[in-house]
Amino acid sequence: MSEGRIKVDARGIACPGPITELVKAYRNAKNGDIIEVWATDPGFKPDVEAWIKRTGNRLLELRQEGNAIVAVIKVTAKK
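Read in order, the letters of the sequence shown correspond to residues 1 to 79 in UniProt numbering.
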């Protein structure tokens with residue numbers, strides 16, 4: 001399976017915008033794809049952690065990059 005990389009730039013969008021953008025990208029993703037989300041809303045960190053727990057996908061990285069929160073997610077739970 002070839003791995004795709006999907007970048008989502010949700011910087012400057014208030015909650016729940018960043019998680020909504022992640023869900024939109026997830027709908028178009030396949031197992032094995034990597035979704036990288038950039039957000040500036042501080043609520044995104046707990047939101048993405050809860051989303052990972054709820055969906056069973058894999059959080060590869062969650063880091064602060066300047067004023068942005070970057071989440072790198074491996075899609076593993078698509079049916």
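Note that CB positions come from ideal geometry on N, CA and C, so glycine has one too. This one's a predicted model, so the numbers in the text were calculated from it and none came from an experiment.
query: ARG27 - DSSP class collapsed to helix/strand/coil; result: helix
query: Closest Cα partner of ASP9 within the set GLU21, GLU61 and GLU3; result: GLU21
query: Under 8 Å between C-beta atoms of TYR26 and ILE35; result: yes
query: ILE13 - DSSP class collapsed to helix/strand/coil; result: coil
query: Chain-order list of residues whose beta-carbon lies under 6 Å from that of ALA77 (same chain, five-residue window excluded); result: THR55, GLY56 and ASN57
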